[in-house]
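Have a look at the structure below before the remarks.
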Amino acid sequence: MDIPPKIAVFLDNSESIGISKADYNGLESYQNTLNTISFDNLGNAAINYYSIGEQVASFSPDSLNASEQRTNLSAPVTSLLEMEREVQAAVFITDGIITYGRNPAISAFNSTIPIYTVAVGDTSRVRDVSVTNVVTNTTGYTNTQHSIEAEISQTGFPNNTVNVSLETNGDVLQEQQVTFDADNQVSQIRFDIELTEPGLKQYEINVSPLPEEWTENNNSSVFSIDVLDSKTKILHVAYQIHPDVKAIRSIIERDESNELTTLTWLGGNNFVEEVPDADEEYDLVIIHGTPSQNRSFDFLDELSETPTLHFTLSPQIGVLPQQIRTAQLISTSNRQALPVLLHQVLGERDHPILELPEINLLETPYLQSPLRSDVTEPQSTVLFNLRYDGVETDYPAIAILEIGNIRRTQVLPWGWFKLAQSTSQSHRNFTV
Numbered sequence: 032m033d034i035p036p037k038i039a040v041f042l043d044n045s046e047s048i049g050i051s052k053a054d055y056n057g058l059e060s061y062q063n064t065l066n067t068i069s070f071d072n073l074g075n076a077a078i079n080y081y082s083i084g085e086q087v088a089s090f091s092p093d094s095l096n097a098s099e100q101r102t103n104l105s106a107p108v109t110s111l112l113e114m115e116r117e118v119q120a121a122v123f124i125t126d127g128i129i130t131y132g133r134n135p136a137i138s139a140f141n142s143t144i145p146i147y148t149v150a151v152g153d154t155s156r157v158r159d160v161s162v163t164n165v166v167t168n169t170t171g172y173t174n175t176q177h178s179i180e181a182e183i184s185q186t187g188f189p190n191n192t193v194n195v196s197l198e199t200n201g202d203v204l205q206e207q208q209v210t211f212d213a214d215n216q217v218s219q220i221r222f223d224i225e226l227t228e229p230g231l232k233q234y235e236i237n238v239s240p241l242p243e244e245w246t247e248n249n250n251s252s253v254f255s256i257d258v259l260d261s262k263t264k265i266l267h268v269a270y271q272i273h274p275d276v277k278a279i280r281s282i283i284e285r286d287e288s289n290e291l292t293t294l295t296w297l298g299g300n301n302f303v304e305e306v307p308d309a310d311e312e313y314d315l316v317i318i319h320g321t322p323s324q325n326r327s328f329d330f331l332d333e334l335s336e337t338p339t340l341h342f343t344l345s346p347q348i349g350v351l352p353q354q355i356r357t358a359q360l361i362s363t364s365n366r367q368a369l370p371v372l373l374h375q376v377l378g379e380r381d382h383p384i385l386e387l388p389e390i391n392l393l394e395t396p397y398l399q400s401p402l403r404s405d406v407t408e409p410q411s412t413v414l415f416n417l418r419y420d421g422v423e424t425d426y427p428a429i430a431i432l433e434i435g436n437i438r439r440t441q442v443l444p445w446g447w448f449k450l451a452q453s454t455s456q457s458h459r460n461f462t463v
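Residues in the sequence shown are numbered consecutively from 32, following the working numbering.
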């Protein structure tokens, strides 16, 4: 049995398609073109219609009304690439006037689906300048620099210069000039602003109009940035070299709400990185491993007043410095590292930290840990115990202590890099 071919037909429904000019009579001429093509007479082919505007949507030819204020031809091309396994051909019926979005030519080149175009509308040359794309992170943080990039496209205005401004609430924050050298050109411009106040902030890119532009409706683009109150400042101190150190640092850096400072101990008072000032404040201090010498450091003087996360890296613990004892919640009398898994002690509703991605802990890679562990703080809450040789033990693996607004956590096992590098999505999500 033959499977009918599927054809995607994209119909331009922008305002320009409805303008009558010269021999083109707007929607009447447009509808005549569709009747001439007569998609309904293509045998058993399955025809799916989509509208072209700022976005792509399922559509009926009977609904054509030239109401879309922007024409984004990159959107239907992107949609078509996502349909490659479902569609055998595509037809674009448009006047080709792009007023928003990127140039679709490059994306169309990557398509394995044949694309047929039908030109409609006024065939006379259009002169226009537009803001075709704005790229920025929709989330920002106070007291940080935020980058905004915009694409300014023009056709028919060589050797002209326009002013491009970044505005908010009618106030011009920054302004730059863009000069067009060619008859058809896309120029990129970048603004860097400092975010000072939290909240949802609205901005606008504006391009000064040139004489005889086809439309000025596309000379601006509005966007918003959700400004959050500062980043989370994290100090990560590694006293031992281990793959876990890199894995944890990479996870922290992937979250743009974090500002990470790293210190890697070389012995004595020496670190790879520059040591921060003693009065530098952090929202979280992560300690990885323990020093082989009884050392104290000025930048850890306020550790008792700072939330901590302590990762163990080996059972070979020397004299534990008093500073780090503040972060210790689990001790062990066993010096031998053994392969272990985790066993969750509490339910998801028993502690907010346990609202974790779904995972089968029996299928995770083995971690390493000493056994015979015990909590050093009676008020600590054990979240996970060790599972050894298939047996759920009472030996704590991860414990947490909350006093006021200070939270301390200790993780006894190590080998977390195996989960971070696992091919299993659930394993990787669990480490995050």
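Backbone N, C-alpha and C define an ideal beta-carbon position, used for all residues, glycine too.
Residue i - DSSP class collapsed to helix/strand/coil
i: Asn211; result: The amino acid at residue 211 is misidentified as Asn; the sequence shows Phe. DSSP places Phe211 in strand when its eight states are reduced to three.
i: Arg326; result: coil
i: Asn249; result: coil
i: Phe448; result: helix
i: Asp223; result: strand
i: Gln86; result: coil
i: Gly49; result: helix
i: Val217; result: strand
i: Phe123; result: strand
i: Val304; result: Reading off the sequence, residue 304 comes out as Glu, not Val. Glu304: coil per DSSP, three-state reduction.
i: Phe254; result: strand
i: Pro427; result: strand
i: Arg285; result: helix
i: Ala136; result: helix
i: Arg418; result: strand
Counted within 10 angstroms of its Cβ, other Cβ atoms place residue i as buried (16 or more) or exposed
i: Ser404; result: buried
i: Gln456; result: exposed
i: Thr148; result: exposed
i: Ile265; result: buried
i: Arg221; result: exposed
i: Asp54; result: exposed
i: Ala358; result: buried
i: Pro401; result: buried
i: Glu312; result: exposed
i: Ala309; result: exposed
i: Ile437; result: exposed
i: Leu197; result: buried
i: Ile83; result: buried
i: Gly421; result: exposed
i: Leu334; result: buried
i: Pro322; result: buried
i: Asp202; result: exposed
i: Val166; result: exposed
i: Pro444; result: buried
Unbroken alpha helix (DSSP H) run spanning residue i, endpoints
i: Leu58; result: 58–68
i: Lys262; result: It is not in any alpha helix (DSSP H) - Lys262 carries neither H nor E in the DSSP assignment.
i: Ser457; result: 456–462
i: Pro370; result: Here Pro370 belongs to no alpha helix (DSSP H); instead the beta strand (DSSP E) covers 369–375.
i: Gln353; result: 353–356
i: Pro346; result: Where Pro346 is concerned, there is no enclosing alpha helix (DSSP H), given that its DSSP letter is neither H nor E.
i: Ser110; result: 105–113
Beta-carbon gap between residue i and residue j smaller than 8 Å
i: Ser184; j: Ser161; result: yes
i: Thr407; j: Ile431; result: no
i: Ala121; j: Ala39; result: yes
i: Thr186; j: Asn215; result: yes
i: Tyr397; j: Pro370; result: yes
i: Asp275; j: His319; result: yes
i: Tyr81; j: Ser105; result: no
i: Ala76; j: Pro107; result: no
i: Val195; j: Ile236; result: yes
i: Gln219; j: Glu180; result: yes
i: Asn134; j: Val217; result: yes
i: Ala278; j: Ala451; result: yes
i: Asp126; j: Ile48; result: yes
Terminal residues of the beta strand (DSSP E) in which residue i lies
i: Val165; result: 159–167
i: Thr192; result: 191–199
i: Ile129; result: No beta strand (DSSP E) contains Ile129, which DSSP labels as neither H nor E.
i: Ser184; result: 175–186
i: His273; result: It is not in any beta strand (DSSP E) - His273 carries neither H nor E in the DSSP assignment.
i: Glu235; result: 230–238
i: Asp405; result: 404–406
Expected contact under 8 Å - CB spacing of residue i and residue j to nearest Å
i: Phe254; j: Tyr270; result: The pair is not a contact, with the Cβ atoms about 45 Å apart (cut-off 8 Å).
i: Leu360; j: Phe415; result: Not a contact, Cβ separation roughly 13 Å.
i: Ser91; j: Asn44; result: Between Asn44 and Ser91 the Cβ distance is about 11 Å, and since that is not below 8 Å, they are no contact.
i: Val258; j: Tyr131; result: Going by Cβ atoms, the distance from Val258 to Tyr131 rounds to 25 Å, so no, they are not a contact pair.
i: Tyr61; j: Val157; result: Contact flag wrong, Cβ pair sits at about 17 Å.
i: Gln367; j: Leu392; result: Actually they are not in contact, since the Cβ atoms of Gln367 and Leu392 sit about 22 Å apart, beyond 8 Å.
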